[in-house]
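In this note's numbering, the protein residues as written are 100 to 648.
Glycine included, C-beta positions come from ideal geometry on N, C-alpha and C.
Scroll down for the structure; my scribbles are underneath it.
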């Protein structure tokens with residue numbers, strides 16, 4: 100695995116608030132435990148009397164793929180901006196006041212139920228929703244104002260049945276003994292964003308259907324899921340399937356999501372993408388997260404510290420990229436002057452993910468946000484993604500509500516228009532490690548800290564440029580006691596790494612690396628990459644720590 104250090108520096112980039120599309124509606128519910136009281140026969144009264152006129156049988160992934168192919172062969176037609184004025188002018192608080200009535204939630208088998216998001220405020224676009232019975236045509240779900248408590252600002256208003264919905268969320272009975280006690284675990288809301296969590300996890304980062312031109316060249320494009328078919332599971336089923344149609348000026352696509360909720364949840368994603376035109380940078384299996392500040396401070400030279408009582412604020416603290424021969428950990432950073440892209444070349448890719456490795460409440464001290472319980476997401480290609488790179492896009496941010504980190508696999512060659520790109524991968528939520536989704540014989544990096552090297556090796560006069568990096572490793576393969584065969588392999592793209600020392604940390608059972616980095620004088624502009632890994636008998640026993648100086 101190699102890194103392309105010619106990453107772009109992008110100035111004047113529009114820092115679009117990716118979190119904004121989700122935060123307004125997800126903050127509506129005070130809790131997750133919601134009963135499901137409506138069976139599917141009742142739910143079908145929410146549907147039109149006639150089925151989808153284009154079909155006389157069940158919708159299938161192949162059927163959605165054919166729709167995507169037809170869309171891609173025609174000019175893009177944006178959805179109508181037909182939101183009623185009273186909904187378009189809603190304030191944040193006004194939109195938060197709209198809540199779905201839990202007693203109207205359709206049950207899907209014994210273990211699942213469905214809730215709907217109202218349009219309004221930032222959620223302007225209509226998403227078509229269908230219930231797909233085991234046989235027979237799909238049943239479109241029609242809007243009714245009575246499905247919602249509209250709040251005092253909209254009390255008494257009645258909107259037409261073609262208003263549609265902004266998205267939906269699924270609830271699941273994690274406890275077999277309490278099938279009526281169902282908790283929200285999956286939400287599709289805004290563009291092609293969705294969130295997934297396991298039983299003991301809180302919502303954190305998001306996944307997306309596709310990322311187009313993230314980081315340039317040109318303006319970023321945000322495709323929309325325009326229609327969903329929620330397939331009715333059998334009564335005893337513990338998994339549910341969702342079909343989706345995606346559309347944008349550059350791309351149409353069909354998706355199948357086979358969702359398996361549990362202590363950690365898993366989603367098998369099958370997609371068929373049909374570009375209308377060439378796409379220079381198409382991000383596959385994109386993940387979007389927030390990193391404000393962490394244990395290594397703001398994380399960029401010259402960045403201003405955060406005036407925050409919380410030691411750390413982030414949904415993810417690092418990127419992992421795994422190949423057959425190596426596994427790399429890149430701590431996330433914030434505070435650069437400009438957005439930055441880092442590219443990690445892989446051939447083939449075993450998997451990648453944005454993870455939250457710090458799982459200790461004391462590291463965050465946020466009772467409401469519970470950052471320590473937010474999951475990572477791990478992407479496992481089922482048949483590889485071909486030649487390309489995992490690209491990490493980091494946007495400087497001072498706002499907690501902004502998702503300022505994107506990671507995705509980008510094919511080496513621009514995607515040509517007029518063809519088809521088929522892919523399949525698994526998304527797994529990751530809590531504390533080691534985790535079965537990210538199995539490896541290599542020890543993992545669990546913390547990165549940096550400070551003045553003058554504290555340990557004072558010089559006269561002191562040099563503020565000398566930096567000491569302290570990297571902690573834990574996990575399999577590490578010696579249980581003192582071992583002189585353990586050493587560190589270190590490198591820097593510029594400057595000098597001085598006197599690496601490793602020692603065992605009896606308090607954790609892990610090992611710690613201390614290494615000083617002395618920058619070049621004068622220091623050139625741009626990022627400098629530092630790397631380190633633990634070696635024993637000439638073989639790596641840890642993942643590779645990859646850090647921006």
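Burial state of residue 538, where buried means 16 or more other Cβ atoms lie within 10 Å
exposed
Would DSSP call residue 201 helix, strand or coil?
helix
Residue 213 CB to nearest heavy atom of the ligand GTP below 6 angstroms:
Only the bare structure without any ligand can be found here, which leaves the ligand GTP out of the picture.
Which class does residue 362 belong to by DSSP, given the choice of helix, strand or coil?
coil
Pair every Cβ in the region 570-583 with every Cβ in the region 524-542, then say whether three or more of these pairs are closer than 8 angstroms.
yes
Between which two residues does the alpha helix (DSSP H) harbouring residue 271 extend?
No alpha helix (DSSP H) holds residue 271; the beta strand (DSSP E) holding it covers 266-271.
To the nearest angstrom, how far is it from the Cα of residue 477 to the Cα of residue 453?
7 angstroms
Using a Cβ-Cβ cut-off of 7 angstroms (strictly less than) and excluding sequence neighbours within five positions of residue 250, which residues of its own chain qualify?
193, 196, 197
Going by DSSP, what residues sit across from residue 538 in a beta bridge?
None, per the DSSP bridge assignment.
How close, in whole Å, do the beta carbons of residue 569 and residue 596 come, if the pair is a contact with beta carbons under 8 angstroms?
Between residue 596 and residue 569 the Cβ distance is about 13 angstroms, and since that is not below 8 angstroms, they are no contact.
Is residue 146 helix, strand or coil by DSSP?
Bear in mind that a pLDDT of 45 at residue 146, under 50, signals an unreliable position, so the number given afterwards is only what the model happens to contain. Residue 146 falls in the strand class under three-state DSSP.
If you run the structure through DSSP and keep just helix, strand and coil, what is residue 524?
strand
On the criterion of 16 or more Cβ atoms from any shown chain inside 10 Å, does residue 383 qualify as buried, or is it exposed?
buried
What are the start and end residues of the beta strand (DSSP E) that includes residue 442?
439-445
DSSP on residue 282, reduced to helix/strand/coil?
strand
Entirely enclosed beta strand (DSSP E) segments - the region 276-325, minimum 3 residues
281-288, 292-295, 305-307
If you measure between the beta carbons of residue 616 and residue 566, is that distance less than 7 angstroms?
yes
Determine the contact status of residue 215 and residue 331, defining contact as a CB-CB distance below 7 angstroms.
no
What did DSSP end up calling residue 368 once you bin it into helix, strand or coil?
strand
Check residue 129 in the structure and name its three-state DSSP category.
Caution is warranted here: a pLDDT of 33 is assigned to residue 129, below 50, making its placement in the model unreliable, and the coordinate value is therefore given only provisionally. The answer is coil: DSSP assigns residue 129 none of H, G, I, E or B.
Residue 42: which of 169, 224, 160 sits nearest, CA to CA?
The structure shown has nothing for residue 42, since the chain only spans 100 to 648.
Would you call residue 524 buried or exposed, if buried means 16 or more other Cβ atoms sit within 10 Å of its Cβ?
buried
Nearest-angstrom Cβ-Cβ length linking residue 355 and residue 372, presumed shorter than 8 angstroms
Contact flag wrong, Cβ pair sits at about 13 angstroms.
Could you round the C-beta distance between residue 262 and residue 213 to whole angstroms and report it? I think they count as a contact, below 8 angstroms.
About 17 angstroms separates the two Cβ atoms, so there is no contact after all.
For residue 486 versus residue 451, is the C-beta spacing smaller than 7 angstroms?
no
Could you round the C-beta distance between residue 347 and residue 320 to whole angstroms and report it? I think they count as a contact, below 8 angstroms.
6 angstroms
Using the Cβ count rule (16 or more neighbours within 10 Å means buried), how would you classify residue 237?
buried
Using the three-state DSSP reduction, which class does residue 162 fall into: helix, strand or coil?
helix
When the distance is taken between beta carbons, is residue 401 closer than 7 angstroms to residue 495?
no
Going straight from the alpha carbon of residue 363 to that of residue 472, what length do you get?
12 angstroms
Let me know if residue 620 comes out buried or exposed under the rule of 16 or more other beta-carbons within 10 Å of its beta-carbon.
exposed
Exposed or buried, what is residue 291 when buried is set at 16 or more other beta-carbons lying within 10 Å of its beta-carbon?
buried
Candidates 279, 442, 174, 403: which alpha carbon is nearest residue 684's?
Since the first and last residues shown for the chain are 100 and 648, residue 684 lies out of range.
Check each candidate in 440, 253, 632, 296 and name the one with the smallest Cα separation from residue 526.
296
With residue 346 as the anchor, note down where its beta strand (DSSP E) starts and where it stops.
339-346
Buried versus exposed call for residue 502 [16 or more other C-beta atoms within 10 Å across all chains shown]:
buried
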